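Protein chains in written order, with the working numbering: chain A, 1 to 281; chain B, 1 to 281. Report on the following structure.
2 protein chains.
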Amino acid sequence: MTAPPPLAINQATTRPQWSLAQAIDGYARAGIRGIGIWPDKLAECGLAQARRLIASTGLAVTSYCVGEMVVDRAGKLQTAERNRRLIDEASALSADCMVCVMGGLPAGSTSLDDARRRARDTMAELLPHARAAGISLAIEPIHPMRAADVSCINTLAQATDLARELGTGTGVAVDVYHVWWDPYLAAEIARAGSRILSFQLCDWLADTAALANDRGMMGDGVIPLARIYAMVRAAGYAGACEVEIMSERNWWRRAPDEVVSVCIERFRALLAEAEHPARPA
Amino acid sequence: MTAPPPLAINQATTRPQWSLAQAIDGYARAGIRGIGIWPDKLAECGLAQARRLIASTGLAVTSYCVGEMVVDRAGKLQTAERNRRLIDEASALSADCMVCVMGGLPAGSTSLDDARRRARDTMAELLPHARAAGISLAIEPIHPMRAADVSCINTLAQATDLARELGTGTGVAVDVYHVWWDPYLAAEIARAGSRILSFQLCDWLADTAALANDRGMMGDGVIPLARIYAMVRAAGYAGACEVEIMSERNWWRRAPDEVVSVCIERFRALLAEAEHPARPA
């Protein structure tokens with residue numbers, strides 16, 4: 001029996017409650033082993049201070065989570081300089097990878113095909129800098145409901161194809177929220193194999209009504225988490241499981257220490273189920 | 001140059017404003033050539049009365065739109081009897097096809113795989129009755145954001161595979177809202193070919209925030225409508241284009257005659273663009 005994977009928490013899970021400094025402290029106090037960090041929270045804290053706090057707690061930075069790689073939310077194209085700076089930050093944090101979300105359609109465009117070509121070109125242009133910095137780029141497929149505004153990469157198949165094309169130093173991020181519905185998920189996780197650089201957990205609530213920030217805690221929704229976890233492990237992924245729950249209606253309103261403790265408890269239940277799957281109904 | 005396809009309107013577009021009798025009258029008055037009908041609206045009107053009104057206006061019934069084929073919204077399995085009755089209604093309406101939406105996960109289940117197997121079995125069991133009634137079953141792929149609660153069939157590839165497996169008397173419904181994001185859309189529309197039994201139009205608003213009833217009018221969103229229209233026509237589809245816009249924030253609040261007239265105007269613009277595509281930006 002292999003050791004269970006470390007549990008990490010993406011700081012988006014406690015975004016409104018905790019600054020980066022508070023999250024580092026709070027997660028570490030609860031025995032969490034890794035943290036996913038966002039650029040706006042890092043900027044608030046300052047890079048030097050963040051490095052000191054992370055070093056003092058021994059937390060791993062399991063991901064540096066970057067959106068709008070190609071276009072920003074206003075539909076304006078990004079500069080290569082902006083993205084190189086983010087890679088430098090990921091490197092300064094010794095992040096396991098930079099999770100890259102592409103952005104949606106530029107203002108005035110109705111062509112996802114163009115956006116997808118631009119995503120490939122942007123990543124290809126950036127890759128030498130990432131390789132030099134020793135930072136792997138984890139391309140994250142984002143749920144098709146966010147194709148217009150968050151990312152033109154919407155299936156694991158697309159992300160894996162892109163990572164294969166770009167080659168060394170790239171891979172994919174598998175967030176169950178974005179891929180759980182995919183009829184080809186099992187085959188695509190197996191195909192992604194060693195390209196899986198990040199694995200993120202949450203749940204899809206059966207009564208989800210909003211496109212943004214309406215995620216559920218593991219076990220409260222309909223995603224077969226233990227099955228997907230087993231697929232990812234069977235594909236060779238041995239890294240952390242990073243919980244990422246943006247939840248306006250529930251978890252963002254709770255005491256953050258409570259959120260963290262529920263994450264731990266539910267992750268244990270997930271591991272137990274994966275170890276001893278219940279008989280299918 | 002082939003004749004332009006007839007414009008139809010799905011009565012969901014004027015659901016809160018108009019009963020079925022009012023929709024038949026209102027669409028016909030505006031020169032619309034076909035109507036998509038829903039079971040609850042038919043029940044309100046009565047089948048005999050609906051048949052009389054449709055015959056008197058000369059409208060085609062381009063679809064009879066049936067949800068929850070496998071499980072209802074409460075997660076309870078449907079009976080075959082219920083679905084056979086719906087086929088009989090479609091037949092009595094001389095509908096071009098019955099658009100079939102499967103339903104999501106049964107209560108307590110987290111297995112889309114099981115739901116998909118059940119969808120296949122349910123449709124296979126129903127097919128002899130549909131064939132005897134002369135009603136084609138158009139399997140509709142529904143946007144992945146509704147996998148939990150509306151349908152376990154979420155890509156055109158899945159719907160086409162299912163129709164191929166089931167054979168004669170089955171096909172697919174292509175609603176741009178559900179499929180526009182699909183990276184394999186062009187290839188999948190070509191592969192669906194003569195199996196395309198229904199083509200539905202609306203738009204995806206860039207600022208979509210809700211999963212339900214937040215569709216846009218053609219031209220107000222980011223779907224490349226003229227391109228998808230051209231794909232569907234090139235695949236051999238010569239039937240009606242049926243507008244289906246559920247819009248709580250806008251079109252459901254307007255005078256229905258105005259909604260219909262905007263549908264006509266925007267459909268003309270779409271055809272003009274398809275005839276003379278603008279140079280890509």
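We treat Cβ as the ideally placed atom computed from N, Cα and C, and that holds for glycine. Every value quoted in this text rests on a predicted model; they were computed, and no experiment measured them.
Nonlocal neighbours in the same chain, by C-beta distance under 7 Å from residue i, ignoring five residues either side
i, result
"G134/A", "S91"
"A4/B", "The amino acid at residue 4/B is misidentified as Ala; the sequence shows Pro. L271."
"G221/A", "D203, W204, L205, A206"
"N83/A", "M69, L126"
"Q158/A", "P141"
"V219/B", "Correcting the residue identity first, residue 219/B is Gly in this sequence and not Val. Excluding sequence neighbours, G219/B sits near D203, R266, A269."
Nonlocal neighbours in the same chain, by C-beta distance under 8 Å from residue i, ignoring five residues either side
i, result
"A95/A", "I37, V61, T62, S63, Y64, I135"
"R195/A", "T160, A163, R164, T170, G171, V172"
"I24/A", "I35, A50, L53, I54, T57, L59"
is_contact[residue i, chain B] using C-beta, thresh 8 Å
i, result
"L271/A", "no"
"A138/A", "no"
"V150/A", "no"
"R33/A", "no"
"N213/A", "no"
"I228/A", "no"
"A235/A", "no"
"Q200/A", "no"
"W18/A", "no"
"V174/A", "no"
"T122/A", "no"
"N154/A", "yes"
"T208/A", "yes"
"W204/A", "yes"
Within-8 Å CB hit, residue i to chain A
i, result
"T170/B", "no"
"W252/B", "no"
"S111/B", "yes"
"P144/B", "yes"
"L105/B", "yes"
"W181/B", "yes"
"T79/B", "no"
"R191/B", "no"
"T160/B", "no"
"R73/B", "no"
"P4/B", "no"
"R118/B", "no"
6 Å CB neighbourhood of residue i in its chain, flanking five on each side removed
i, result
"A30/B", "V260"
"R227/B", "none"
"A107/B", "G75"
"A115/A", "L105, C152"
Secondary structure of residue i, DSSP reduced to three states
i, result
"N83/B", "helix"
"I245/B", "coil"
"A272/B", "helix"
"L42/B", "helix"
"G34/A", "strand"
"T160/B", "helix"
"Y64/B", "strand"
"T170/A", "strand"
"D175/A", "strand"
"L47/A", "helix"
"L20/A", "helix"
"A8/B", "strand"
Check whether residue i and residue j have beta carbons under 8 Å apart
i, j, result
"G103/B", "E125/B", "no"
"L7/A", "A240/A", "yes"
"P277/B", "Q17/B", "no"
"L59/A", "R33/A", "yes"
"H143/A", "M145/B", "yes"
"E140/B", "C100/B", "yes"
"A209/B", "L211/A", "yes"
"I223/B", "T155/A", "no"
"A190/A", "A235/A", "yes"
"V174/A", "L225/A", "no"
"I9/B", "E242/B", "yes"
"A274/B", "Y229/B", "yes"
"T13/B", "E258/B", "no"
"M246/A", "R73/A", "no"
"L42/A", "E81/A", "no"
"C97/B", "L197/B", "yes"
Interface partners of residue i on chain C, CB under 7 Å
i, result
"V222/B", "No chain C appears in the structure shown, which is made up of the protein chains A and B."
* In chain order, which beta strand (DSSP E) runs of at least 3 residues are fully inside the segment 71 to 154 of chain B? -> 98 to 100, 137 to 139
Practice item. Taking only runs that begin and end inside the segment 197 to 249 of chain B, name each unbroken beta strand (DSSP E) of 3 or more residues, in chain order. Key: 241 to 243
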